[in-house]
Each structure stands twice: as structure tokens, then as C-alpha cells.
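Sequential numbering from 4 applies to the sequence shown in the working numbering.
We put the CB at the ideal spot given by N, CA and C, even for glycine.
For reference, the structure is listed below as C-alpha cells.
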Amino acid sequence: MNSADTRVQHVPEDIKREAYRRLALSGPEVLDPPSIAESLGLPREDVLAQFPNSAALLTALVMRAYEAMGASAEKGAADARKKGLGSLAEWESACQGMRVWAQANPAQFTLIWGPPRPGYSAPPESVVVGARAAVVLVDILRQATKAGRVSAAQPGEPATSAGMRRNVQNLSHGMLAGLPDDVIARLLVAWTQLLGMIGFAVYGHVNGFAEDPDAFFDHAATAMGRFVGLR
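Here it is as C-alpha cells:
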């Protein structure tokens, strides 16, 4: 696939619905554009002009899902920022935006954060789009760091191993530049915790131990915000 094939594309609603229906039933191997065209009664050549193969269609769906989740995180952070509620509230609201989007779009969440799709590798260009939600949290931390509102050390925090220092250094010169190393280490933990919490919310795993799952998520999001150092 060339770079033109991996840009964020508009996916017509009827094609998107049929594609997600098939993903839910049998996995990506059924995303055959000619078969989808036949199921929907669309001209085969019209569908193939947009999506010449199943990988192109799957990539378009992946990119759109990343964009949608990132946009929900951005809106959450922006809503809290307009109210002047502070960095921790922006973090909480961004996390809530991601969770609400994921629960409303479980197939899309599973597509990007579920098990890898056999035989499919997302193109390198998807990394930038895929980081959109994470960038929201990074920007909140970066602005709070500049304003002196991030705790650089946590009581009882474990020593950072040599391997973890390498993990941090690999990121400290890229999208996480400007953040203290210990904050980066905690952010990596918080990001994986956040995705796990969202997954629990999407798949209903919280319901077995929490009478109010949304309240549990909000509490956990606040705890993760304080864990990374926001105050």
C-alpha cells in the first residue's frame, strides 16, 4: 500500500456498517470489498475504487476509529479547560471522553485496542493517528509541568530499573519531550491502566463488582491523574 492508501479516509456509512457487522461475526478475513458491494447492492467498481482490497478497507476503519477516540479525548479536555477546572480535571474529562466513546462504539474500540488481527499489520502512518488520544494526555501533563503543577516524585515510588530507564529514554526525545523521566515512567503505567479500565467498561467486566461502573471509572481516572503527578 502506498501513502495515498493510508490517509484518513471517509468511509460511507453503509459500507462501514456492513464492515463492522462482518468484523463482529467472523473477523477481518471477511472484509472482501467485492463481497461487501454485492451484499449492499452497490456497484463493485465503485467500492473497489475506494478500497481495492480488504487491507485498504481495514486500514480506513482503523484510522477512523483512532480519529474518533482522539477527538472524544480532545473534546473532554477542552470542556474542562473552558470551565477553568485545572489540569487534573482536564485529565479526568479526557479519560471520560475516551470511555464514553468506546462504550458507544465497542466494535471500533475492539478494532484498535483488541487482539491483533491475523495477517494484518497497520501501516506506519497509523502511528500518528493512533497517538491522537495519548497526545491529549501528554499535552495536559506538559502544560502542567511548565506551570509547576506536576509532582516529580511520589512517596514510596519504586526504583526505576535499567530496562525501564531505556523505555523512558526512547520516548523522552520524541512525543514525550519536555516531561521529566519519572513522569514519563508513570505516564506509561497510567496509559496502559486507562486502556484496561476502558476495556473493562466496554465489555461489562466492572459490573460484577461495582454497582455504579461509571463512578468506579471516574474514581480510577482521578487516581491515575494523581499517580502521574497532577495536582
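The way I'd put it, the segment 34-51 doesn't touch the segment 99-107; fewer than three beta-carbon pairs between them come closer than 8 Å.
About 5 Å separates the beta carbon of alanine 224 from that of glutamate 95, a gap short enough to meet the 8 Å contact definition. In the same chain as methionine 227, and ignoring 5 residues on each side of it, the C-beta atoms closer than 7 Å to its own belong to Ala193, Gln196 and Leu197, in chain order.
By the criterion of a C-beta distance shorter than 7 Å, arginine 234 is surrounded in its chain by Leu91, Arg152 and Ser154, once the five residues flanking it on both sides are discounted. Ranked by Cα distance from glutamate 128, the first of Ala63, Phe219 and Lys85 is Ala63. DSSP places valine 103 within a helical segment (H, G or I) once states are collapsed to three.
Secondary structure of valine 153 (DSSP, three-state): strand.
Pairing alanine 59 with proline 216, the inter-Cα distance amounts to about 37 Å. Across the set Ala74, Gly232 and Val50, the C-alpha of Ala74 shows the shortest separation from the C-alpha of valine 139.
Selection Val205, Gly232, His222 and Ala165 evaluated against glutamine 111 yields Val205 as nearest (Cα-Cα). Beta-bridge partners of leucine 233 (DSSP): Val153. Separation of valine 132 and glycine 79 (C-alpha to C-alpha, rounded to the nearest whole angstrom) is 18 Å. The criterion of a C-beta distance shorter than 7 Å is satisfied by alanine 136 and methionine 72. Measuring C-alpha to C-alpha distances from valine 141 to each of Met66, Thr163 and Leu191 identifies Leu191 as the nearest. Asparagine 173 sits in a helix when the DSSP states are folded into three classes. With 16 or more other Cβ atoms inside 10 Å of its own Cβ, glycine 232 counts as buried.
Annotation for isoleucine 187: Val171, Leu174, Ser175 and Leu179 place their beta carbon closer than 8 Å to its own, counting only its chain and skipping 5 residues before and after.
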